[in-house]
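Engineer:
Number of protein chains: 2
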Amino acid sequence: MAKRGPYAKGVAKREEILTKALEVIARQGYRRTSTRELASAVGLSEAGLLHYFGSKEKLFEEVLRARDEADTARLSDESDAVGKLAAIVRHNADVPGLVQLYSTFSAEAGDPQHGAHEYFVERYQHLREALAEAIQDRQTDGTISTAADPEKIATLLIALSDGLQIQSQFRLLDQPGDLLDHLIQLLRPTSRT
Amino acid sequence: MAKRGPYAKGVAKREEILTKALEVIARQGYRRTSTRELASAVGLSEAGLLHYFGSKEKLFEEVLRARDEADTARLSDESDAVGKLAAIVRHNADVPGLVQLYSTFSAEAGDPQHGAHEYFVERYQHLREALAEAIQDRQTDGTISTAADPEKIATLLIALSDGLQIQSQFRLLDQPGDLLDHLIQLLRPTSRT
DNA sequence: GTCTATACCAAGATAGAC
DNA sequence: GTCTATCTTGGTATAGAC
Numbered sequence: 000m001a002k003r004g005p006y007a008k009g010v011a012k013r014e015e016i017l018t019k020a021l022e023v024i025a026r027q028g029y030r031r032t033s034t035r036e037l038a039s040a041v042g043l044s045e046a047g048l049l050h051y052f053g054s055k056e057k058l059f060e061e062v063l064r065a066r067d068e069a070d071t072a073r074l075s076d077e078s079d080a081v082g083k084l085a086a087i088v089r090h091n092a093d094v095p096g097l098v099q100l101y102s103t104f105s106a107e108a109g110d111p112q113h114g115a116h117e118y119f120v121e122r123y124q125h126l127r128e129a130l131a132e133a134i135q136d137r138q139t140d141g142t143i144s145t146a147a148d149p150e151k152i153a154t155l156l157i158a159l160s161d162g163l164q165i166q167s168q169f170r171l172l173d174q175p176g177d178l179l180d181h182l183i184q185l186l187r188p189t190s191r192t
Numbered sequence: 000m001a002k003r004g005p006y007a008k009g010v011a012k013r014e015e016i017l018t019k020a021l022e023v024i025a026r027q028g029y030r031r032t033s034t035r036e037l038a039s040a041v042g043l044s045e046a047g048l049l050h051y052f053g054s055k056e057k058l059f060e061e062v063l064r065a066r067d068e069a070d071t072a073r074l075s076d077e078s079d080a081v082g083k084l085a086a087i088v089r090h091n092a093d094v095p096g097l098v099q100l101y102s103t104f105s106a107e108a109g110d111p112q113h114g115a116h117e118y119f120v121e122r123y124q125h126l127r128e129a130l131a132e133a134i135q136d137r138q139t140d141g142t143i144s145t146a147a148d149p150e151k152i153a154t155l156l157i158a159l160s161d162g163l164q165i166q167s168q169f170r171l172l173d174q175p176g177d178l179l180d181h182l183i184q185l186l187r188p189t190s191r192t
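Respectively, the protein sequence lines represent chains A and B. Numbering follows numbering that gives the first Met the number 0, in which position 76 of the first sequence is assigned residue number 75; successive positions increment by one, without gaps. Numbering follows numbering that gives the first Met the number 0, in which position 133 of the second sequence is assigned residue number 132; successive positions increment by one, without gaps.
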């Protein structure tokens, strides 16, 4: 009765599902994507699809994790966490469906019973730590005012990027990334009046 | 066949539904509130409830409008739009269910086909205008740096309050309102290092 | 080759919007 | 009542460890 772990076939199928889900969601958003549709897109029944992830919420959590990994890989040359965050916000302007998935999911997951609640708690904590560190470095080299508390600014930057991406869905923003940069400029000791 | 509009009874019932919905949602959040439950809470069938609002999305849009009005009434003595925004963020810490409704709904409504899409477009536009005006005034009396573009700062403040409220759901923040104030402090010409 | 966990499917239970 | 969505139950087939 020992656990065997997934077969090679299962591992490949899992990959295929996540890749396909990323595509479909990027194209048509979270609201318009059902497990039924996803299942048929990868040639499985609904039950077959759920076999891999247990629930729709967990499936979408994995999609977000996959996106996180893709972002990390793509931005390995970016200077620091603050730069990475801005680059991600910029890049996300090209994948509105994924932005909708992320935004809706992060809001829904505020419910402690939501399947992805823990995912977001951990994600926010890690992001905040990484940003706070980067902000300290920037304070040391003088590009961010020392009047700002690193932890607080980290929290603000996260909130900002989440909030900007929500507004961007309504096409009320030219470039969310530029706005983030504008704020970072304003936090410089030298940019004062 | 002239249109008569709602009878007094209908108007009263509509009020009752919105008040009750506000209560129920504040208590248990958006995800856990179905039209079925709301209908029985006000002594109507589901069809009866939907008669007043047409769809679940429209009903919740009206709930948000009712909240906006309540906020406006409660904060009529607040100095300016920036102060009002901070006060609302503060107040919302006490009604997590409503925060979840607002956050989830604003994210979902990014889909142009969502029933509340237009509501949010208009809400964001009005809010931004009011904030930009208040920011200009604050620049005139010297409490906000003139290095900042009022429209951009307005957009940033909205994003910030939306984003902070998402994070607040995960109990990762002490006081979202304080963080908003921290940023406003950092935007002062005098608070520099 | 045996064995059993894994990979899947058909049908249906359940619940929500309308 | 109808339609659609998620998820469960109860099963068969197959991969792959031994």
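Note that the Cβ used here is the ideal one computed from N, Cα and C, for glycine as well. All values reported here derive from a predicted model rather than from experimental measurement.
Would you be able to state if there are at least three C-beta pairs under 8 Å between the region 160-174 of chain B and the region 97-114 of chain A?
Structural biologist: yes
Engineer: Are B/Asp161 and B/Ser105 closer than 8 Å when you measure CB to CB?
Structural biologist: Taking 8 Å as the Cβ cut-off, B/Asp161 and B/Ser105 qualify as a contacting pair.
Engineer: In whole angstroms, give me the CA-to-CA distance for A/Ser44 and A/Phe52.
Structural biologist: 13 Å
Engineer: Tell me whether A/Lys83 is buried or exposed, calling it buried when 16 or more other Cβ atoms sit within 10 Å of its Cβ.
Structural biologist: buried
Engineer: By DSSP, does A/Gln112 sit in helix, in strand, or in coil?
Structural biologist: Reduced to three states, the DSSP call for A/Gln112 is coil.
Engineer: Please state whether the Cβ-Cβ distance between B/Ile87 and B/Arg127 is less than 8 Å.
Structural biologist: Between B/Ile87 and B/Arg127, the C-beta gap is not smaller than 8 Å, which leaves the two residues out of contact.
Engineer: Taking 8 Å as the CB-CB limit, is B/Asp136 close to chain A?
Structural biologist: no
Engineer: Evaluate the contact criterion for the region 118-127 of chain B versus the region 131-141 of chain A: three or more CB pairs, one atom per stretch, below 8 Å.
Structural biologist: no
Engineer: Can A/Leu155 and B/Thr154 be called in contact, C-beta distance under 8 Å?
Structural biologist: no
Engineer: List the whole-angstrom C-beta distance separating A/Leu185 from B/Ala85, where the pair is believed to meet the contact cut-off of C-beta under 8 Å.
Structural biologist: Contact flag wrong, Cβ pair sits at about 18 Å.
Engineer: Please report whether the beta-carbon of A/Gln166 lies at a distance below 8 Å from any beta-carbon of chain B.
Structural biologist: For A/Gln166, a Cβ of chain B is located within less than 8 Å of the residue's own Cβ.
Engineer: Whose Cβ in chain B lies nearer than 7 Å to the Cβ of A/Ser105?
Structural biologist: Residues of chain B passing the Cβ test: Ile165.
Engineer: Could you please give the first and the last residue of the uninterrupted alpha helix (DSSP H) stretch that includes A/Lys2?
Structural biologist: Looking at the DSSP string, A/Lys2 is not in any alpha helix (DSSP H), and its letter there is neither H nor E.
Engineer: Between which two residues does the alpha helix (DSSP H) containing B/Gln99 stretch?
Structural biologist: From DSSP, the alpha helix (DSSP H) with B/Gln99 extends over Pro95 to Glu107.
Engineer: My output table needs one value for A/Val23: the three-state DSSP class, helix, strand or coil.
Structural biologist: A/Val23 falls in the helix class under three-state DSSP.
Engineer: Which same chain residues end up closer than 6 Å to B/Gly176 when comparing Cβ atoms and leaving out the 5 residues on each side of it in sequence?
Structural biologist: So the qualifying residues of the chain are Ala85, Val88 and Arg89.
Engineer: For the pair the region 71-82 of chain B and the region 62-80 of chain A, tell me if three or more CB-CB distances fall below 8 Å.
Structural biologist: no
Engineer: Measure from the C-beta of B/Gln99 to each C-beta in chain A and report whether the shortest distance is under 8 Å.
Structural biologist: yes
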